[in-house]
Amino acid sequence: MTELPKTFDPAAIETRWYQHWEANGLFRPDRPDAEPFTIVNPPPNVTGSLHVGHALDNTLQDIVVRYERLRGKDALWVVGTDHAGIATQMVVERQLNAAGQKRTDFSRDDFVAKVWDWKAESGGAITSQLRRLGCSMDWANERFTMDEGFSRAVIKVFVELHQRGLLYRDKRLVNWDPHFRSAISDLEVETKETQGGFWRFRYPLADGVTLADGSDHIVVATTRPETMLADMAIAVHPEDARYQAVIGKEILQPITGRRFKIVADEHADPELGSGAVKITPGHDFNDFEVGKRAGMKAADMLNMFDADANVVQTADGLIPDRFLGLHRFKKDGVDGAREIVVAEMKALGLLVPHVTKNKEGEEIAADFEPRTIQTPYGDRSGVVIEPWLTDQWYVDAGKLAVAPMQAVRDGRIEIVPKSWEKTFFNWMENIQPWCVSRQLWWGHQIPAWFGYPVWGAPFEKLQAEAIGNPSSPLPTFVAMDEIEAVAQAEQFYRANWNLEGKNFSVVVGDEAGLNIDGSDVTATIRRDPDVLDTWFSSALWPFGTLGWPEQSETLSRHYPNDLLISGFDILFFWDARMAMQGMEFMGDVPWKKLYLHGLVRAADGQKMSKSKGNVVDPLGLIDKFGADALRFFMAAMESQGRDVKMDEKRVEGYRNFATKLWNAARFLQANGVTASTSREAPHATLPVNRWIIAETVATVQAIDTAMAELRFDAGANAIYHFVWDQYCDWYIELTKGSMDDETKAVAGWAFDQILVMLHPFMPFITEELWQLTGARAQELIVAEWPVALYEVDTDAQGEIDWLIRLVSAIRTARTELNVPPGAKLRMVVRDASETTRGRLDRQGAALARLGRIESLAFGEDVAGGAAQIVVDEATFILPLEGVIDIAAEKTRLEKALAAAAKERDSLGGRLSNPAFVEKAKPEAVAKAREDHAEKTAEAERLKAALDRLG
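Be aware that the sequence shown starts at 60, since it is given in our numbering, and climbs by one per residue.
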C-alpha cells in the first residue's frame, strides 16, 4: 500500500487516470452476456469548444453510464461529432479570407477537400475537452455525421422518405440568411431587441370606393415599409364594422400601381392601430398564412428580394426600375428600398406623421413612431434574417409525429420531468413541415437530380397529363447514387417521349439539358447543389451510429437506447425528430426514457452570453478546482425542472469535499485501515460499527432510488452528507483512539463502499484512492456496485443517532452561550430512562471526549445558572456558574434576539405588501425572502439559547 501524499492535487491524477482507462478499454469492457445499457451523447459541433451546457449535459450522462457499468451492465455510451454545416463552412471560409482567397475561387469538390483537411488538423478539439471532464465514452467506435457509414444511412433515409411520400419539394417561406445565402433553422435565429420604427401610410381605395366615414383610403402600419413593393392584400377583421363595406374591394398601391383586394382575416386586430394590416405573403410568416387562407398559392406569391436581400423584379413586373438592385434597407451608408419607399410615400402625401408634443406643448411631427422591435438575426452571421419565399425540400413532420405522440401517451417513451409532456404535445400537434435543405457546400449533398422538362422536347409525348408547362417543376429523380438516378431518368423519359429509332442516353452534367444530334439523343440531369440540414442527419443518431441500415448484432442489441439526456432547448430540433425517424425506420422508439435538463445560467439567473460578459469557461474551472469538483457541482445543482445557477464558490466547496475525503483516507491509512476484501459487510458487534454499516447501506439504497428516478441532486446530496457528516464528522470521531480489528475492518469496508458510490460523480479522486488504499483485483471503474441488503440493528442505530443528537446539542449550547472551547463541563441528567442510562454507560467515553464533559451525575440539584438540553425523555443540565458570566450572557442574547426579531418583522412587512412583491425586481424579492428566512432562523436560535439558560 502506497503512502498517500499530504495534499490532494487533481491535476496530477486526472490525465493519468483518463489515459489509463481509455488505453485499457475500460470504458467498454467485454461483457457479451451482460444486460445492455445504451445512451448516445448529443453530438457536439466539430467546430465547438466545451461550454458549461456541455459540461452539465455530459456530466449527467457520465454519471449514469459509470453507475450502470458498476452495476455490471454492458454500458455503451455512443460518442461522435456533428459536421455542423454552417459553422464549419464559416470557419474554413474565414481561413481562406485570411489568405486572400474565397470559397468561390475553388470548385465545390476542392473546397470540400479543404474542409476535410481542416477537420483532420483542427476539428474535434471538443473531444479532448470531453476527456478532461472525465467522460467514459466508447471512443474506439467514435462516429462523425459525415463518415462513410453514417452518410450512407442519411442518404437512404432521404430516398426512402421520398419514396414513402413523406419528403417533397415545395415553395414556402424560410428563415433566409443573406450572408450565407442559405435557409437556416429556427435554432440558428437569435432574436434581439433593436430600435426601429413604426410607419403609417395611407393606401388609396380603388374605383372611387370609400369607407363608411367617407375616407378614400385605409391607413396601414408597418415596421418594414420596403415590403410594400410586394404587397398583395390588406387584411381586416371580419367583424370590424369600419371595414365591412369594403371587404372584397380593391386597393391601388401608390408606388407599384398594383391592385389587390381587402380580405377578411382574424389575424387583423381591431384594437391595434387602424385595425388594417398590409399583407406581404412572400416576406412575412404571418402574412404567408393569411395569403393561403385568402386562396393564394405559394407559387403565385410575390418575391421582391434575391439571395442577398437586394430588390429584384416581382413576377408581375410592377416594381419601378429605380428600386431594382437596392438593398432592403440602408447599407454601407447608402439608402436602401426602405428609405426610398418612405421618402416617395411622404412626397405623395401618403405618409401619416407621428405627432408628439414637446415640453412647451408644441406639436412635433416625425416620419415614424420609435419602437423597440424584436428582430431576428442569424446567430453566426449577425445579419437580419429575411423571411424568403423559395423552393426547398420538406419532410412531412405532421405524419411522422403521430407515432412518437402515441409512444409518449402509452408510456413507451417516458419524459422526465413529466411536466414537459404538455409542451411536447403542443408542439407536435401543431407541427409544421420541416425544411431540410440548406444552400451550402459542406454537408450531405441532397441525392436528387433535376432533369430536362418533358414539355420542352420536340418529341411526341406519350402521356399528355405529364407534359406540364414552363412553370411546372422540373422532373426530379431521387436516388441512392448517380447510377440509380440515371436509370430512373432514362425510364422516365422513355415513358414520356416517343424515342423510337433514337439512340437515347442520360448523362449527369452541370445543367439539365437536351442534346439532339441526328438519331443520337442525350438528356442531361444535374444534381441538386443543396445539402441537408445537420438536424436531419443527427436525427438518425440512435440507430445510424449502430450500423443501420446494416442489420447487425450491435444494432439489435443496443436499439432502442435506454436513455437520452438532453437540454430542453433542443427538444424539438433534435429529440422529437429522433423519435420521428427512429419510429419510422426502426419501428420502435429510439429510447425508453427522455430526461430534459435545464440551462446553466449565471449566478444572478441571467442567461449566459458573450455580449453580457458573464460566460463561464468550464475548462478554467477544471484547471482551478479539478474535474471532480465541477462534476459534483453539476450533479448537486441539477434539480428536475429547474435551471442551474453557476456558483464558483460551490465548485470550490466541492473541491474542499474532495480534500476532506482525501484526508479521511490518510487518517485511515495512518491507523492501519486497509482495503476491504468483500462486498459484504464485515461481522460487527460494536454499536458504532453496526451503525455505520446500516448508514452505508441506507446511502446505497438512497442513491439507487435517486438514479432510478434520475434525481441527480438527490443522489449527489445523499453521498455528500454520508461522507461528510456520518463517516468523516461522526464515525471517524467516534472511533478515534479505539481502532480495534473489528473497527478497522468496518472502517475499511465502509470507505470502499464510499469510493464505489462516489465514483460516478467524482471518478478521478475515487480511482486514485481505490488504488492507493490497498491491493485491488481490478480498477474501480469496473468494480462492483455495493450490496444494498443488510439486517439493520435498530438498537445500535438508535443508540448512535441518540449520541449524535446529544453531542450536537451540547456543542450548539456551548457555541451559543460563548463557553470557552477548552472548558470542560459537568453534566447532570434528569428523568433518564433505563435505555438512556444504558447508552450513557456504554457511550460515556465518547460523550466525554466529543462534548468535553468532565463528570456525569444523575438527578442532583444544580446551584446557579445552567444550560438545559432535552433529548428524548431526558434533560441534560450543564452548570455554567464560574464558566461564563450568566447575567451578561443573558443580556447579550436578549439584545441580539430583539435586533433579529426587528429585522425579521421589517422584512416580513415588506413581503406582505403586494406592491413590493408585484413591482420589485424578482431578484430583490428573492433576496428579501432569503433574508427573512435567515433572520427568522436566527431569532429562533437565540430564543432557544435564552430558554436553555432558564
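Every residue, glycine too, gets a C-beta built ideally from N, C-alpha and C.
Legend entry - Three-state secondary structure (DSSP) of L115: helix
Legend entry - Terminal residues of the beta strand (DSSP E) in which P95 lies: P95 to V99
Inset, instruction - Could you tell me how far apart the beta carbons of L1057 and L939 are, in whole angstroms, since I believe they sit closer than 8 Å? - result: No answer is possible for residue 1057: it lies beyond the span of the chain, which begins at 60 and ends at 1009.
Inset, instruction - Decide yes or no for the touch test of the region 285 to 305 against the region 394 to 404: beta carbon pairs closer than 8 Å, at least 3 of them. - result: yes
Legend entry - Cβ-based burial, L909 [other Cβ within 10 Å; buried from 16]: buried
Legend entry - Status (buried if at least 16 other CB within 10 Å, exposed otherwise) for V674: So V674 counts as exposed.
Inset, instruction - Could you check how far apart the C-beta atoms of L839 and V815 are, in whole angstroms? I think they sit under 8 Å. - result: 7 Å
Inset, instruction - Measure the CB-CB distance between E249 and D133 and report whether it falls below 8 Å. - result: no
Inset, instruction - Look at the Cβ atom of G807, then the Cβ atom of V759, and state whether they are nearer than 8 Å. - result: no
Legend entry - Reference V123, options S195, L232 and S737, closest by Cα: Put simply, of S195, L232 and S737 the residue whose alpha carbon is nearest the alpha carbon of V123 is S195.
Inset, instruction - Evaluate contact between the region 688 to 708 and the region 640 to 658, counting only Cβ atoms and requiring at least three cross-stretch pairs below 8 Å. - result: yes
Legend entry - Identity of the residues DSSP links to C787 by a beta bridge: Partner(s): none; C787 has no beta bridge.
Legend entry - N-terminal and C-terminal residue of the beta strand (DSSP E) that A292 is part of: Unbroken beta strand (DSSP E) run through A292: A292 to V295.
Legend entry - Option nearest D990 by Cα separation, candidates G968, N562 and D634: Among G968, N562 and D634, the Cα nearest to that of D990 is on G968.
Legend entry - Those runs of the beta strand (DSSP E) which lie wholly inside the region 412 to 470 and span at least 3 residues: 413 to 416, 422 to 425, 428 to 437 and 445 to 454
Inset, instruction - Give the straight-line distance between the Cα atoms of N104 and A212, rounded to the nearest whole angstrom. - result: In a straight line, the C-alpha of N104 is about 19 Å away from that of A212.
Inset, instruction - With DSSP collapsed to three states, give me the class of T61. - result: coil
Legend entry - Uninterrupted alpha helix (DSSP H) stretches inside the region 735 to 803 (no shorter than 4 residues): 746 to 767, 771 to 780 and 791 to 794
Inset, instruction - Would you kindly work out how many angstroms separate the C-alpha atoms of T74 and I681, rounded to a whole number? - result: Between the alpha carbons of T74 and I681 lies a gap of roughly 12 Å.
Legend entry - Rounded separation between S45 and S241 - CA only: Limits of the chain in this structure are 60 at one end and 1009 at the other, which puts residue 45 out of reach.
Inset, instruction - Evaluate T61 with the Cβ neighbour count: other Cβ atoms within 10 Å of its Cβ, from every protein chain shown; 16 or more gives buried, anything less gives exposed. - result: exposed
Inset, instruction - Could you tell me whether the Cβ atoms of A926 and L937 are closer together than 8 Å? - result: yes
Legend entry - Three-state secondary structure (DSSP) of A983: helix
Legend entry - Beta-carbon spacing of V322, A292 below 8 Å: yes
Inset, instruction - Have a look at D676 and L769 and give me their C-alpha separation to the nearest angstrom. - result: 26 Å
Inset, instruction - Measure from the alpha carbon of V475 to the alpha carbon of each residue in V805, W650 and L407, then state which is nearest. - result: Selected option, being the one with the closest Cα: W650.
Legend entry - Three-state secondary structure assigned by DSSP to V851: coil
Inset, instruction - With a floor of 4 residues, list each alpha helix (DSSP H) that falls wholly inside the region 615 to 692, ordered by position along the chain. - result: 635 to 644 and 677 to 684
Legend entry - Backbone secondary structure at K251 - three-state DSSP: strand
Legend entry - F716 burial status per 10 Å Cβ neighbour count (16 or more: buried): buried
Inset, instruction - Give the single residue among A959, A960, K980 and A868 whose Cα lies nearest to the Cα of P933. - result: At residue 933 the sequence reads Ala, which differs from the Pro that was named. It is A868 whose Cα lies nearest to the Cα of A933.
Inset, instruction - Excluding the 5 residues preceding and the 5 following A753 in the sequence, name in chain order all residues of the same chain whose CB lies nearer than 7 Å to its CB. - result: Taking A753 as the centre and dropping the five residues before and after it, the same chain places the C-beta of Y849, V851, D852 and Q856 closer than 7 Å to its C-beta, in chain order.
Legend entry - Distance between A507 and A538 (C-alpha atoms, nearest Å): Each residue's alpha carbon lies about 6 Å from the other.
Inset, instruction - Measuring alpha carbon to alpha carbon, tell me which of E997, G159 and E152 ends up nearest A172. - result: Answer by Cα proximity: E152.
Inset, instruction - Could you name the residues of the same chain whose beta carbon sits closer than 7 Å to that of L459, not counting the 5 residues immediately before and after it, in chain order? - result: L225, M639 and E643
Legend entry - Own chain residues within Cβ distance below 8 Å of G334, not counting five before or after: V295, H296, D299, R301, Y302, A327 and D328
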